[in-house]
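Chemist:
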Amino acid sequence: MKEGVSINGETRLYGVLGHPVKASLSPPMQNTAFSRAGLNSVYLAFPVDPKDLPQAVKGLVAAGIAGFNLTVPHKTDILPLLHETTPQALKIGAVNTVRVDEGKLYGTNTDGDGFLSALKEELDWEPAGKSVLMLGAGGAARGIAYSLLAGGAKSLTIANRTKEKAVALAETCQTWGASTEINALALNENLPPADLLINTTTAGMGDGLSPIDLNQTTIKEALADIIYSPATTPLMTQAKTAGLPTINGLGMLLHQGALAFEFWTNQKPDIPKMRQALNQALEKRGF
Ligand code: ATR
């Protein structure tokens, strides 16, 4: 494998569009992947105000961008700008990855499958036949719910601070036609036992909070938090004390990026090196 390709007249451009985007860890991760694959490509972060998204995308495509990621707040607003969208991303209603081919834009969503890849890689855990308790009903929860249903989970309970949002997401999940049993609750209700607990809420992201007390439920197999900063949330600490295997959100970030790289290049990236780049970038920030 060739490393350290230098930028020249043939360098292909990739990037991430967000607002704000300067804290994104995708540039170090994806530039490492391109470099390890010997591809003459560069990946940059573009701060794009929501009102400028159509103009920014049009300009980048006209200037030859080969692919890009979308992060908050653009994942839904990109949909009308695309020529083709995978059925999965259409159902989730959000796109995080776009490939540009002869001026046409192809969108997909790698967030939920990235989450499942992390569970498989780090805990050898797969959803088929399992019961899942998922905390939160926002954008991240939606993508993860889709992949859990597609992966054949036996049951999914969505518990959210605002119960109506859990009910609305549960209703959306029903329309996806999977055989998974789906329920919606408020976080402070009696929570059912489950094989896997997932935290998709932002509680624990530097605020010292936990979305629930682990004693509200009985978790049999593992906890996955999608927060990666801090590396250990208060909920993860409780789970570790209870002897449960836990993962944080770094694996999801890594694997959604690895799947995006594959969508652009049709090649498998060097995942261990991408992980190393993420860890180094986090260390530099003092996390
Ligand atoms: P994301 O795209 O990361 O999912 P989001 O769509 O803003 O972000 O969703 C944030 C989620 O965290 C929501 O489920 C939110 O609950 P509400 O729907 O009640 O707002 C949840 N959340 C945020 N702060 C929380 C807190 N302190 N305790 C519990 N849940 C919280």
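Per this note's numbering: the sequence shown = residues 66 to 352.
Ideal placement from N, C-alpha and C gives every residue a C-beta, glycine not left out.
Nothing here was measured: the structure is a model prediction, and the numbers come from that model.
Below 8 Å on the Cβ atoms is my contact criterion, and I expect residue 275 with residue 299 to pass it. Report the Cβ-Cβ distance as a whole number of Å.
Modeler: Rounded, the Cβ-Cβ distance is 4 Å, consistent with contact.
Chemist: May I ask which residues mark the beginning and end of the beta strand (DSSP E) holding residue 80?
Modeler: Its beta strand (DSSP E) spans residues 77-83.
Chemist: With a CB to CB cut of under 6 Å and the five nearest residues on each side skipped, what residues in its chain are close to residue 243?
Modeler: Cβ neighbours of residue 243 beyond the five flanking positions: 214.
Chemist: Are the segment 283-303 and the segment 213-233 in contact at 8 Å, needing three or more beta carbon pairs?
Modeler: The answer is no - the segment 213-233 does not touch the segment 283-303, with fewer than three Cβ pairs under 8 Å.
Chemist: Tell me whether residue 92 is buried or exposed, calling it buried when 16 or more other Cβ atoms sit within 10 Å of its Cβ.
Modeler: Answer is buried; the Cβ neighbour count reaches 16.
Chemist: Beta carbon of residue 184, beta carbon of residue 316: below 9 Å?
Modeler: Cβ atoms of residue 184 and residue 316: closer than 9 Å.
Chemist: Grouping DSSP H, G and I as helix and E and B as strand, with all else coil, what is residue 220?
Modeler: Of the three classes helix, strand and coil, the one that applies to residue 220 here is strand, per DSSP.
Chemist: How would you call residue 65, buried or exposed, if buried means at least 16 neighbouring beta carbons within 10 angstroms?
Modeler: Here the chain comprises residues numbered 66 to 352, so residue 65 is not present and cannot be evaluated.
Chemist: Just checking my contact of residue 120 with residue 326 at CB under 8 Å: how many whole Å lie between their CB atoms?
Modeler: Not really, about 27 Å apart at Cβ, beyond 8 Å.
Chemist: With distance defined between alpha-carbon atoms, name the residue in 105, 203, 208, 209 nearest to residue 232.
Modeler: Residue 203 is the option with its Cα nearest to residue 232.
Chemist: Can you tell me the Cα-Cα spacing of residue 142 and residue 118, whole angstroms?
Modeler: Cα to Cα, residue 142 sits roughly 8 Å from residue 118.
Chemist: What are the complete beta strand (DSSP E) segments, minimum 3 residues, inside the segment 234-286?
Modeler: Taking only runs of at least 3 residues, the beta strand (DSSP E) segments lying wholly in the segment 234-286 are 246-251, 259-264.
Chemist: Using the rule of at least 16 other Cβ atoms within 10 Å of the residue's Cβ for burial, across every protein chain shown, is residue 176 buried or exposed?
Modeler: Classification for residue 176: buried.
Chemist: In angstroms with no decimal places, state the Cα-to-Cα distance between residue 84 and residue 114.
Modeler: Using only the alpha carbons, I get a separation of about 6 Å.
Chemist: Buried or exposed: residue 192, going by 16 or more other Cβ atoms within 10 Å of its Cβ?
Modeler: It counts as buried.
Chemist: Give the range of the alpha helix (DSSP H) segment to which residue 101 is assigned.
Modeler: Segment 91-101, the alpha helix (DSSP H) holding residue 101.
Chemist: Nearer than 8 Å: is that true of the beta carbon of residue 276 relative to any heavy atom of ligand 1?
Modeler: Checking the Cβ of residue 276 against ligand 1 gives yes.
Chemist: For residue 126, which of helix, strand or coil comes out of DSSP?
Modeler: Residue state, collapsed to three classes: helix.
Chemist: What residue range does the alpha helix (DSSP H) around residue 204 cover?
Modeler: Element bounds for residue 204: 204-215.
Chemist: Tell me which same chain residues have a C-beta within less than 6 Å of the C-beta of residue 320, skipping the five on either side of it?
Modeler: Contacts found: 179, 182, 183.
Chemist: Per DSSP, which residues does residue 180 bridge with? Please list them.
Modeler: Looking at the DSSP assignment, residue 180 forms no beta bridge with any residue, so it has no partner.
Chemist: Kindly give me the distance between the Cβ atoms of residue 135 and residue 161, rounded to whole angstroms, as I take these residues to be in contact under 8 Å.
Modeler: Indeed they touch by this definition, with Cβ atoms about 5 Å apart.
Chemist: Do residue 81 and residue 110 have their CB atoms nearer than 9 Å?
Modeler: In contact: residue 81 and residue 110 (Cβ atoms closer than 9 Å).
Chemist: Can you grab the Cα-Cα spacing for the pair residue 212 / residue 98, in whole Å?
Modeler: Whole-angstrom Cα-Cα distance: 25 Å.
Chemist: Compare the C-alpha of residue 296 against each of 262, 312, 205 and name the closest.
Modeler: The shortest C-alpha separation from residue 296 is found at 312.
Chemist: Check the C-beta distance from residue 112 over to residue 137 and give it rounded, since I have them as a contact under 8 Å.
Modeler: In fact, because the Cβ distance is near 12 Å, the residues do not count as touching under 8 Å.
Chemist: Looking only at DSSP bridge pairs, what is residue 199 linked to?
Modeler: According to DSSP, residue 199 bridges with 223, 263.
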